[in-house]
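If you count the sequence shown from 1, position 37 lands on 37 in the UniProt record's numbering, and the numbers rise without skipping.
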Amino acid sequence: MHIVVHKAKCQGHARCWAQAPNIFKLDDEGYVLLGDINVAQGDELLASRAVRSCPESALEIDRTSAARFEPAAMQPRAGEA
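Below is the structure:
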């Protein structure tokens, strides 16, 4: 999973950090650090909750890159749903 940080939208509420302090790093003023975030396998649910907790929508899950990294076993086969 890959999270895109929209730095200009971040207002320093730090809700992402409160939800997932091991994933999101803040500067001295409480703003999420610049740069995109690669989320370790197993932390996806926690990261998703943190992204949704941002009142400014400063965080976004990049679904295009996430799909590239998912194991084939996780992808449904043709005809399965």
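Note that the Cβ used here is the ideal one computed from N, Cα and C, for glycine as well.
Enclosing beta strand (DSSP E) for valine 51 [first to last residue]
Valine 51 -> not in any beta strand (DSSP E); alpha helix (DSSP H) instead, spanning 44-53.
Alpha-carbon spacing of glutamine 11 relative to lysine 25, whole angstroms:
14 Å
Do glutamate 60 and lysine 9 have their C-beta atoms closer together than 7 Å?
no
Backbone CA spacing between glycine 42 and serine 48 [nearest angstrom]
11 Å
Using only the alpha-carbon positions, how far apart do histidine 6 and glutamate 44 sit?
19 Å
Work out the CA separation of proline 21 and threonine 64 for me, nearest whole Å.
25 Å
Check whether the Cβ atoms of valine 4 and aspartate 27 sit closer than 7 Å, and answer yes or no.
no
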